[in-house]
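Residue numbers (this note's numbering): 371 to 528. One structure is given below, encoded as structure tokens.
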Amino acid sequence: MNLYDINVKLENGTNYQLEQYEGKVLLIVNTATKCGLAPQFAELENLYQKYKDVGLVILGFPSDQFKQELDSAEEASEACRMTYGVSFPMHEIIKVNGKEAHPLFNYLTTEAKGFLSKSIKWNFTKFLIDQNGNVVERFGPTDKPSDFEEKIKQLLSN
């Protein structure tokens with residue numbers, strides 16, 4: 371199995387396969403609108419606006435595993451759009467850890483283990499993926515998107 375074989379669902383319920391992003395640089399983020407790190411949405415949107423026309427796609431996946439998300443994917447997406455101007459794709463609310471973890475996050479955490487463990491410790495864990503679907507790097511919740519903008523630019527220039 372590779373990244374492009376995985377199916378995901380947008381906040382409006384539309385299913386699709388990640389293969390539609392083959393050839394793009396991806397930044398996949400587990401999000402939560404009520405998290406203290408939610409201001410990162412603004413930085414993520416800034417990166418998206420800056421680089422979407424040259425191949426960057428940011429994918430947000432709300433999770434309530436840390437009890438910091440609204441009741442529905444639609445509410446979470448609306449909050450992101452209204453509060454932070456988010457225009458990148460937002461998805462259904464998922465689990466990122468445990469037996470019920472979404473296959474995408476099982477894949478990502480297997481490919482890029484965190485410090486001492488593969489599990490996701492908190493919201494806003496970020497995974498940078500190259501144009502071939504390889505997990506290049508995992509960034510922790512407090513790593514600001516602007517801190518690794520140079521890495522994104524490097525990948526986009528390949």
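No residue lacks a Cβ here, since even glycine has one placed at the ideal position from N, Cα and C. Since the model is a prediction, treat every value here as computed from it, not as a measurement.
Item	Value
Counted within 10 angstroms of its Cβ, other Cβ atoms place M371 as buried (16 or more) or exposed	exposed
CB-CB length for Y418 against L429, believed under 8 Å	Not a contact, Cβ separation roughly 10 Å.
Counterpart residues of K496 in DSSP-defined beta bridges	V399, F509
Contact check, L373 vs L397, beta carbons under 9 Å	no
Beta carbon of K379 nearer than 9 Å to that of E462	yes
Where G503 falls, given that 16 or more other Cβ within 10 Å makes a residue buried	buried
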